[in-house]
Each structure stands twice: as structure tokens, then as C-alpha cells.
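Right, one structure below, let's go through it.
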Amino acid sequence: MTKFPPPCSKCGKRQSIYYRPYSGERLCISCFIDSIRERVEKTISRYDMFKFDSRIAIGVSGGKDSLGLLHILSEIEGKYPKAELIAITIDEGVKGYRDEALSLAMKACQQRGIEHLVLSFEDLFHLSMDEVASKPRELIPCSYCGVLRRRALNEAARRVDADRLATAHNLDDMAQTALLNVLRGDMNRLGMMNPGGKTLPGFVRRVKPYCEVPERESTLYAYLVGFEFQSLPCPYAAEAMRTDIRGFLNRMEVKRPGTKFIVYRTALKLIPKIRGVEVRGRCSVCGEPTPNRICRVCQMIMELTEKGQSNKF
Ligand code: SF4
Ligand code: ZN
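First residue of the sequence shown: 3, per my numbering; consecutive thereafter.
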């Protein structure tokens, strides 16, 4: 008679607590936790993400993915005495939502003795996301937030003198981004999905060590390791096209396990065929690298501010 729950397919000794539909494995608590760390380590080495003495800025939002990555990178960093880890948090200024996440991020950094820099949209752009959302505008809030946060993360990584900027995009984020770009007809942006990033003038090299961890497994990892994370969704998320794509991919994954990996890997195969956007010039307002005369951040701030001129930051 088959024992229930069946034993772990990795160690063969302990009872399994998780069934991984896309691989057919059944894992016990300990082997599941190890499998997530091993997957992150493999991703780091496949893309040669860090050097033995890298100064790594990690974007910590206070959600399960970034706290999971912080936990794993602080363990890995212990093996490389010359490497440094600095947490950076961007406060977009969404009342009620970001406040809770911020205190969880601070607590996690304090517990691990990790230096932590918090930069807000207000500090950098003199505008919070709540103000952006309340203004007459052409786009949904997430479109502004994504562009401003990208700039803010790069700025924060530069301020702490980092040579790498690690973000905790998970597999679901990557598959959603791939489909989003296809549905918007914006194939050039697929190039930005490269998990290993690129060294470009004015930008800290961005890496995504969590990119092969499915969101569901990131949640389970957080519960099993036992850290508190923010689960409240941002009030502006519902408007985003990404939310529709998330629902679609989740339904597909249930019907056809492995769909998210297929979408993600197909996008990666397309990257070498994409020309990408060449960034040669500097923005005439803020001086940051841009392919246009005025960068996207300044264009957005000009559109949103009544003064019709960008804040110099
Ligand atoms: Fe920003 Fe949209 Fe995310 Fe909210 S859901 S934090 S507005 S990108
Ligand atoms: Zn600019």
C-alpha cells in the first residue's frame, strides 16, 4: 500500500509536504528549502552575476520575494568574506501599503545586520505615487511607478557605491513581463529581461537571481523559513494589464504545468535576436543616460507637474 503523504523524492526519508507539478517531484520541508537556495545559486553562476568581492545592492520591498532573496543572499555572502550586501528600499509613497512593507524591510535588515538605505519618490522627484494617482494623467499609475522606481533603484545603488543591483523578480514576474511586451508589441523591451543584466555607462548592472523561483514557491519558502512579509496588494495594482496577464498565466499553469517556464525561456531565446535600444546621449534636463533628448522620467514629471518643467534631481 502507498504511504500517504509519500516520501520526499530527493532524500527518500522524510514525508513530502509539497508536490511540484511542473517537475513531478514531491519534497519534504528541508529539501524544498534547499531546492530554492540551490536554484538561486545556479542562476547566479549561470549568468556570472557576482564577483567574489561584489558590492551588491539588493532591492528590498518588504514582500516575500525580496525578503526571500535577502535571506538567501545573506547566507551565500557568508561564504564570500569580501562581498558586501546593502539593502535598498524605494518608498513610492502609497499610504497604508508601503508603510507596512517598509517596517518589515527594516526589521529584516536589522535582524541580519545589513546596511539599509531608504529613498523615496518624494526625495527624488518631489512627488509621491498617491499624488501621481490623483493628478490628471494619460497613463495608469503603474506605468509612472515602474519608470520612476527603475530610476530610483539605480540612483540608490549608485549612492551606496554598489557594482551590482539585485532585484527579486520571480518566475511569474518574468513570464508576465514577456507576455506584456508581446501584447503591447514592444519587442525591444524584451532585451531588458536578461537576468544577468549588462554593464552600461550610468547604470549599475542589474541582476535577477530569483528569476526561476515561481511565486507560489516563493510564498511557501517564506512561510517555511518563517519570516514576516507584506501580503497586502498595492491599491493601484488592479488597474494594470499585468494583473490580467497574471490571472491568465495562473489558469494556464494549473491546466498545463510548466507554462510559466516555457514563456520565460522562450523570451530568453528571443533576446539575442533583438536589437535593443541604444543609449548614447544624456537627458538635457537631468543629465541621465537616455536614447532621447529628454528622458522618460523627466517627460513624465513634466506631464504631471503644473509648472511644466522637470525637477532637477
Ligand atoms: Fe507601483 Fe503599480 Fe506596483 Fe503599486 S502596483 S507599487 S503603483 S507598480
Ligand atoms: Zn531626464
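Even glycine gets a Cβ: it sits at the ideal position worked out from N, Cα and C.
| Asked | Found |
| --- | --- |
| Opposing strand residues paired with E117 [DSSP bridges] | I88 |
| Assigned exposure category for I92 - 16 Cβ within 10 Å defines buried | buried |
| Boundaries of the beta strand (DSSP E) in which Y223 is found, first to last residue | It is not in any beta strand (DSSP E) - Y223 instead sits in the alpha helix (DSSP H) that spans E217 to V227. |
| Proximity to S105 [Cα-Cα], best of L306, F231 and Y82 | F231 |
| T201 in three-state terms, based on DSSP | coil |
| Residues of its chain near A103, where Cβ-Cβ distance is below 7 angstroms and the 5 sequence neighbours each way are ignored | S63, G64, G65 and Q232 |
| Closer than 7 angstroms: Y238 CB and nearest the ligand SF4 heavy atom | yes |
| C-alpha gap between L202 and L222, whole angstroms | 36 angstroms |
| Backbone secondary structure at E94 - three-state DSSP | coil |
| DSSP-derived helix/strand/coil call for L29 | strand |
| Helix, strand or coil at G61 [DSSP, three-state] | strand |
| Nearest neighbour of L185, chosen from C144, E157, Y225 and D246 [CA to CA] | D246 |
| Proximity below 8 angstroms, CB of L87 to CB of I46 | no |
| Identity of the residue in R298, L155, L272 and G199 nearest L192 by Cα | L272 |
| P259 - DSSP class collapsed to helix/strand/coil | coil |
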